[in-house]
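Only one structure is covered here, and it is reproduced in the block below.
2 protein chains.
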Amino acid sequence: MPLTLPGTFATILPIDDQEGSVAVTIRQVAQAAGVSVSTVSRAFTAPDQVQPQTLQRIRDAAAKLGYTPNPAARSLRGGKTESLGLIIPDITNPFFPPIFKAMQARARRLGYTVLAADTDERESDELETITAVSKRVDGMILWASTLSEDRLAELAETMPVVLVNRHVPGIPEIQISLTAGISQAAEHLKAYGHTRCVFVNGSRPELSRGKSIREAFEAHDLSLVEFGPYEPRFETGVHAATLVTSSDATAVLAHNDLVALGVLHQLAKLGVDVPRDVSVIGIDDTLLAETSTPSLTTIRISAQELATHAADLLLDTIGGRAGGRVVEIGSRLIPRSSTGPAGR
Amino acid sequence: MPLTLPGTFATILPIDDQEGSVAVTIRQVAQAAGVSVSTVSRAFTAPDQVQPQTLQRIRDAAAKLGYTPNPAARSLRGGKTESLGLIIPDITNPFFPPIFKAMQARARRLGYTVLAADTDERESDELETITAVSKRVDGMILWASTLSEDRLAELAETMPVVLVNRHVPGIPEIQISLTAGISQAAEHLKAYGHTRCVFVNGSRPELSRGKSIREAFEAHDLSLVEFGPYEPRFETGVHAATLVTSSDATAVLAHNDLVALGVLHQLAKLGVDVPRDVSVIGIDDTLLAETSTPSLTTIRISAQELATHAADLLLDTIGGRAGGRVVEIGSRLIPRSSTGPAGR
DNA sequence: ATGAAAGCGCTAACAA
DNA sequence: TTGTTAGCGCTTTCAT
C-alpha cells in the first residue's frame, strides 16, 4: 500500500470539474431498456413506430436516468437547431421586451428556443451579430435591419428570414400599420375640439410615420405642423415641448411613448397643464405610457399579435410554406389621461 | 423515355428548400487550400501552430468560400457550446434589459453567445425552462430563482451555475447590496429635514429590502413605517400613496421604481405636490426613473457592473476557477427631482 | 417492430 | 509543421 502524504491526495488526483453526472446518452437509455439505440431514438421522434410496451419501458428508463436528447448532436445530424433568431436594435427600448416574451412563449409551444441578439443600433455590428446567430438557428427575424437590400436578399438566400419594417421583394415580412391607430387618434382629437396639432417626428425616414399621419390628420381637417426629424429620445420630446408652447397648437402626437414622455415632462416644467392646455399622444403603448403622470394616451401595437405572427411566419418559411408573404399588424388608440378637450 | 404530364414535374421532384448554398464545411476549405482538415481546424483554433503562409492560404480559401465553423459540430465534439444561459423572471421589468445588453456585450468580447430565457415568474415553468436551456449552454446565471435550495445544489452539480440574489452554500453568487444606496437615501432625506418616512415593501420576503432599510433609517434617526409586503407593481404604489397621505410621513421609499411611479401618480391625483409636500425615492434606476415627471430620485444598481461580474464569475466557474465565490455589487443614490426639503 | 451501421462537421490524439 | 483517423450523440436508411 503506497504511502500518501496528507494533503497531497487532492492535488495530485485530476480535479473533477463541476460536471458531477456526465450527460446521459441515448446508449445508456437503450441499455437500461434492453433495446437498441435506434429504438430509443424512435421512441422520441416517432413514438407511433414503437410498440406501446417497448415505448413505456424506454420512457421509464429515460425518466429514471434523466435523459434529454443532446441538441448539438441532433442538429449536427439533422441540420436543424430548433431555435429561432431574433435580431433587434435595442432591447432597452421598452417596446421590445414584450415582443421577445411573447415570441418566446409562442416558440416554446412549438418546441423552439428563441435566441435574441441586440445589435445596439450599430450598423457595423449587425452583420457580425447576424453571422454569429445564423449558425445557431433555423431562421431569423430581422427587426428594422440596417443592412442593404442586396445583403438582405443574399442572406435570405442562405437561410429563412422574416423582415419586420423592411421591404425586400421575395422576403416574407411583417409590416406594422399605424393607419388605424392614427386615424383614431385624429378622430379622438377632432372630437375633443382640437384643430391645430403638432407631430414630433423621430428619425429613420424610411420608416417614417409622417406620411400616414399627415394624411389622416388632413382627412379629419386638422392642421398639422411637423417638427424634426430628430432622434427618438426623451430629450427630443423635452426640446419639442418648447416648440409646441411657442406655437398655437393644442395637441401633440409624438413619434413614440418615450418622446411623448419628454414632452409631458417639459410641459409640466413650463407650467402647461396636460390635458387642460395641451393634449399629448404617444405611439407603442409601452409600460411608460401606463405609468406616466398623467397616464399617456397612445397608439397600441399588440406585442402578442406581432410576435405570434412573426414566429409563425418564420416557421412557415422554414417549413417551405411562405413565399414572400406579407403580414400586416394593426394598431389602435388607447385613450388615457393625457388627452382631453381643447384648451387655451 | 417516360411520359410526363404537364404540371406533374414540380410536384414529383423533391422541392428544394430555401437553403440556396449548402453550408461550407472544413473539408471544402481544406481542399481549396490544398491542406488536410486538421490543418484547417488548427488554423482556426490554434493559428500559431500553423505555418504563416499555410495559414494565409487557408484564411483566403475560407474567406472566399464564406466558411464559418459549425457550432453544433464543435460542441458535439468538444462538449462546449460557447454560450451562456441567462434565466430571468421577467424581461418586461425594465431592470433586466440593460443587464441582458451588458452581458451580451461582455460575452461577445469573449467569444460567447448569451441565451436569455424568461420564466415569466412561474415557478412551474422555471425548471422546464432551465432544462431546455441547460443543454445548449456551458453554464447559467439564475436570477432570483424560485427553485428549492436542494434543487439548485443538484443543478450546480450538473453544470456551472451562478446565482443572483439567492444563497446556496458552495454555489458562486452575485449579491446586490443596497446598503450604500439606502444609507445615502437616508442621509439625503435627513439633510432635507425629513423625520417621518414610509417604506413600501414589495413581495418576496427572502430578498426583502426591509432589514437594511430599517437599520439605515434608524441610524439616521428617521422614523420608518412599513407598508406591505405587496406585489412590486404600479398599482401597489397607487394604493400606498393613499396610506402615505393619511399618515404624517413626508418621505416615501418604494420597493422599486415602478412602485415609486405608482406613488407619484396617485399623489398627483390627490393634489399632493412632489417634492414640495412629499418626497419619493425609488430603487433600481430604470428608464422609468429618468423619464418620469418629476424625475425620480432613486438608488442605482449598475447594470454594467452587475452583468460584467456575473458573466465573468460564470466564465470562471466554467473554467474551474471559482469555488463558491460571492461577488457583491454596490449601489448609490441618484438624486433627481422627486426629493426636496420636508414640507407639510 | 426492431437492430446494425453509416455519417453529420469538427477536434484532438497519434504518427510521420 | 502537417496528415490520418477515431469518435462526440444522434437520426436514418437498410436489413431482418
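Protein chains in written order, with this note's numbering: chain L, 1 to 344; chain C, 1001 to 1344.
C-beta: ideal position from N, C-alpha, C; glycine also.
Predicted model, so just to flag it, every value in this text is computed and none were measured.
At least one beta carbon of chain C lies nearer than 7 Å to the beta carbon of Phe100(L).
The Cβ-Cβ distance between Thr1297(C) and Thr1245(C) does not fall below 7 Å.
Ile1283(C) has its alpha-carbon roughly 7 Å from the corresponding atom of Arg1300(C). Between Leu1178(C) and Ser1331(C), the CB-CB gap stays under 7 Å. For Gly34(L), DSSP assigns no beta-bridge partner whatsoever.
Ranking Gly1228(C), Thr1293(C), Pro1069(C) and Ile1174(C) by CA distance to the CA of Leu267(L) puts Thr1293(C) first.
In this structure, DSSP gives Ala186(L) a helical state, which the three-state scheme calls helix. Only residues of its own chain outside the window of five on either side were considered, and among them Asp284 and Thr286 have a CB closer than 7 Å to the CB of Phe95(L), listed in chain order. As for any beta strand (DSSP E) of minimum length 3 sitting wholly inside the stretch 1196-1254 of chain C, the runs are 1196-1200, 1223-1227 and 1251-1254, ordered along the chain. Under the 8 Å Cβ criterion, the stretch 72-86 of chain L does not count as touching the stretch 1086-1100 of chain C, having fewer than three qualifying pairs. Between Arg1136(C) and chain L, the shortest Cβ-Cβ separation is below 7 Å.
Between the C-alpha atoms of Trp143(L) and Ala1307(C) there is a straight-line separation of about 25 Å. Closer than 7 Å to the CB of Phe1234(C) there is at least one CB belonging to chain L. Look at Leu1110(C): its C-beta is not under 7 Å from any C-beta on chain L. Around the Cβ of Gln104(L), a 10 Å sphere holds 16 or more other Cβ atoms; the residue is buried. Identification of chain L residues near Ile1091(C) by a Cβ-Cβ cut-off of 7 Å yields Pro97, Phe100 and Lys101, ordered along the chain. Between Ser337(L) and Ser295(L), the gap from beta carbon to beta carbon is short of 7 Å. Secondary structure at Thr1113(C): strand, using DSSP grouped into helix, strand and coil. Three or more Cβ pairs closer than 8 Å define a contact, and the stretch 29-38 of chain L meets that threshold against the stretch 59-68 of chain L.
Cβ neighbours of Ala1023(C) within its own chain (closer than 8 Å, five residues either side excluded): Asn1070.
Contact between the stretch 115-134 of chain L and the stretch 1113-1133 of chain C is present, with at least three C-beta pairs closer than 8 Å. Of the residues assessed, His1167(C) falls on the exposed side of the cut-off, its CB having fewer than 16 other CB atoms within 10 angstroms. Proximity of Leu261(L) to chain C, defined by a Cβ-Cβ separation below 7 Å, is satisfied. At a Cβ-Cβ threshold of 7 Å, Gly139(L) and Pro160(L) count as neighbours. As computed with DSSP, Gly66(L) is found in no beta bridge at all.
In the DSSP assignment, Arg1077(C) falls outside any beta strand (DSSP E) and within the unbroken alpha helix (DSSP H) covering Pro1071 to Gly1078. Scanning its chain for C-beta atoms nearer than 7 Å, with the 5 sequence neighbours on each side dropped, one finds around Pro335(L) the residues His188 and Thr297, in chain order. Relative to Asn1201(C), the option among Val1259(C), Asp1090(C) and Ala1191(C) whose CA is nearest is Val1259(C). Listed in chain order, the non-local C-beta contacts of Val40(L) below 6 Å within the same chain comprise Ile26, Val29, Ala30 and Ile58, local neighbours out to five positions each way being set aside. Looking at the DSSP output, Ile141(L) bridges to Leu86(L) and Val162(L).
Here the alpha carbon of Ala1311(C) sits roughly 10 Å from the alpha carbon of Ile1174(C).
Under the three-state reduction of DSSP, Ser338(L) is assigned to coil, being neither helix nor strand. Excluding residues up to 5 positions away in sequence, Asp1138, Gly1139 and Pro1160 lie with their Cβ nearer than 7 Å to the Cβ of Ile1318(C) in the same chain. When DSSP states are grouped into helix, strand and coil, Arg1332(C) belongs to the strand group.
With respect to Ile1182(C), Val1162(C) sits apart: the two C-beta atoms are not nearer than 7 Å.
A direct Cα-to-Cα measurement between Thr195(L) and Leu288(L) gives close to 27 Å.
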